[in-house]
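Under this note's numbering, the first residue of the sequence shown is numbered 1476, with each subsequent residue one higher.
Each residue gets a CB set at the ideal place from its N, CA and C atoms; glycine is no exception.
All values derive from a computational prediction rather than experimental measurement.
One structure below.
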Amino acid sequence: MPTRRGMAAAAALAAGVAVLLPLAGPAGAADQQAAGDIVTYTVTGLDSVAERTAVARSGVDVLSAEHGTMTVRATQEQAAELRAAGHELITMADVRKQLRELSAAKKPGDFPEDDADYHNYDEMVAEITKAAEDHGDLVSISSIGTSYEGRDIPLVKISDNVDTDEDEPEVLFTCNMHAREHLTTEMCLRIINRYTDDYASDEKIKALVDTAEIWVVPQVNPDGIEYDIATGEYQGWRKSRKPNEGSSAVGTDINRNFSYQWGCCNGSSGNPASETYRGAEALDQPESKQITEFVDSRVVDGEQQIKGHIDFHTFSELVLWPYGYTTDDTDEGMTEEEAARFRDVGTRMAETNGYTPQQSSDLYITDGDINDWMWGEHKILSFCFEMYPSSGGIDGFYPPDEVIERETSRNDEAVEILLEEVGAGGDTTG
Ligand code: 0X9
Ligand code: CA
Ligand code: CA
Ligand code: CA
Ligand code: ZN
């Protein structure tokens, strides 16, 4: 059974760790290495903290841990021990084979033909441009800045009197910070299209748009997204594309690069080859830096205007809330009442989409993630949604485009709940 950690291995592969392993060999070739050689594996099915701790203590070099998998560098002996202990180990060659199978009908520079309904960067820009053309009174497009490779990172605002900064609660939606999580771009595009196309015909939508200012960043990491589809064969890429000084490994995990408790708590890696590399210092990635600059700029007369935020990821079907850096429910800047509010809103949203609601550190510890920063720095009610599917291996990042409509509309009500929670809708009648 393919497991979720496959993606981490794939990223390590693209990051250049592949020198450790016979690249184009048949599946299993990696196992023919001489004893003592170190190979990178994805260990899957690590659902409990105890299991992950046991792997870490076996002496292998843990490159990263995310969801139920760990990426490790292990000797043949260590690998045999882990297998004997009942763990499933997948080599990068296996992951690469899976990615190849997922990329039928190559189409360099774009999604494979079978997945043509997904929006690449240019198509995303065309889609939001069309929304602005069709609804000039409701939509304005700006940019939070440029990515490392120089792509604009568009920021869409939706509201009545869109060109005026009105005294209305503001909400932010961010998508596709992790490159291979392409379904999330579709999620942000759905929000944009729904709150504009349905404005004239849906009274509830109109009431929400009239009483809120909705900000959307459909692609936080355009460089990574384009890299993932550049060859017509999915790369399983997660991180940014900024090179790392003194290392051949490219990229930083943008969701470990934010400045609240950055690198504090073993929830990220200091190894540039890791899938969860935190960067050389907090906010040394233009993408995370410019998100924080935009959010900082929404402090008006001493008050943060943005009251709610969802950062969309895939996958596992979860609704997650801060803090990620600690398993404690309460901590500095998180009172019992505040934690209870996160739990209440998160649970109500999860009731509408069928996801599992939990504090993010119940999944695993992360430090420097966007949600901790949004709450810790600005008291923004900030959630991480892990979208469809509920489980899977590397294939979990590449669901067929046929599921886009179903899996994005699945979050319509949750988005409404967040808007209402921060005061939009009110008793406006049409
Ligand atoms: O690890 C992440 O950045 C997110 N998961 S993903 O598989 N999309 O990479 C989850 C971040 C939420 N925070 C915590 N789990 N603490
Ligand atoms: Ca298709
Ligand atoms: Ca307005
Ligand atoms: Ca405002
Ligand atoms: Zn993610």
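As a beta-bridge residue in DSSP terms, Ser1617 pairs with Leu1630.
Screening all residues for a C-beta within a distance smaller than 6 Å of any heavy atom in ligand 5 leaves His1653, Glu1656, His1788, in chain order.
Going by DSSP, Ser1772 is part of the alpha helix (DSSP H) stretching over 1761-1772. Residue pairing by DSSP puts Phe1787 in a beta bridge opposite Cys1650, Phe1860. Assignment of beta-bridge partners to Gln1736 by DSSP yields no partner. Remark: the C-beta of Glu1641 is in contact range of ligand 4, defined as less than 7 Å to any heavy atom. Of the candidates Met1545, Ser1749, Ser1617, Cys1740, Cys1740 places its Cα closest to the Cα of Tyr1798. The continuous alpha helix (DSSP H) containing Gln1553 extends over residues 1551-1559. The DSSP-derived three-state label of Ile1855 is coil.
Every unbroken stretch of the beta strand (DSSP E) spanning 3 or more residues and falling wholly within the stretch 1558-1598 is given here in chain order: 1563-1566. For Ser1539, the enclosing beta strand (DSSP E) starts and ends at 1536-1541.
According to the DSSP assignment, Tyr1516 belongs to the beta strand (DSSP E) that extends over 1513-1519. At the C-beta level, Thr1515 and Arg1558 stay beyond 8 Å of one another.
In this structure, the beta-carbon distance from Ser1533 to Gln1553 falls below 8 Å. Separation of the CB atoms of Ile1729 and Glu1762 is rounded to 5 Å, and the pair is thereby assigned contact status at 8 Å. Ala1601 is classed as exposed because its beta carbon has fewer than 16 other beta carbons within 10 Å across all chains shown. With respect to Arg1731, Asp1847 sits apart: the two C-beta atoms are not nearer than 8 Å.
With a cutoff of 7 Å, Tyr1839 counts as near ligand 1, since its C-beta is closer than that to a heavy atom of the ligand. Ala1606 is not a Cβ neighbour of Thr1544, given a cutoff of 8 Å. Near ligand 2, meaning a beta-carbon closer than 6 Å to one of its heavy atoms, we find Asp1589, Asp1590, Pro1875, Asp1876, Glu1877. Per the coordinates, the alpha-carbon of Trp1796 lies some 7 Å from the alpha-carbon of Phe1817.
Taking the CA atoms as reference points, Ala1540 sits about 20 Å from Asn1651. Each of Ser1617, Gly1584, Pro1864, Ala1825 was checked against the Cα of Phe1769, and the nearest Cα belongs to Ser1617.
In the pairwise beta carbon analysis, the stretch 1681-1697 is classified as touching the stretch 1627-1641: at least three pairs are separated by under 8 Å. In this structure, Leu1856 and Val1897 form a Cβ contact; the two beta carbons are roughly 7 Å apart against a cut-off of 8 Å.
When only Cα atoms are considered, Ala1825 and Ala1568 end up about 37 Å apart.
Judged by DSSP in its simplified three-state form, Ile1689 adopts strand.
Taking one beta carbon from each stretch, the stretch 1657-1669 and the stretch 1799-1817 have fewer than 3 pairs nearer than 8 Å; the two do not touch. For Val1530, the CB contacts under 8 Å within the same chain, skipping 5 residues up- and downstream, are Val1518, Leu1521, Val1537, Met1545, Val1547, Leu1557, His1562 in chain order. A contact between stretches requires three or more CB pairs, one per stretch, nearer than 8 Å, and the stretch 1720-1729 meets this requirement with the stretch 1746-1761. Scanning Asp1677, Gln1760, Ser1884, Ile1700 for the CA closest to the CA of Glu1598 turns up Ile1700.
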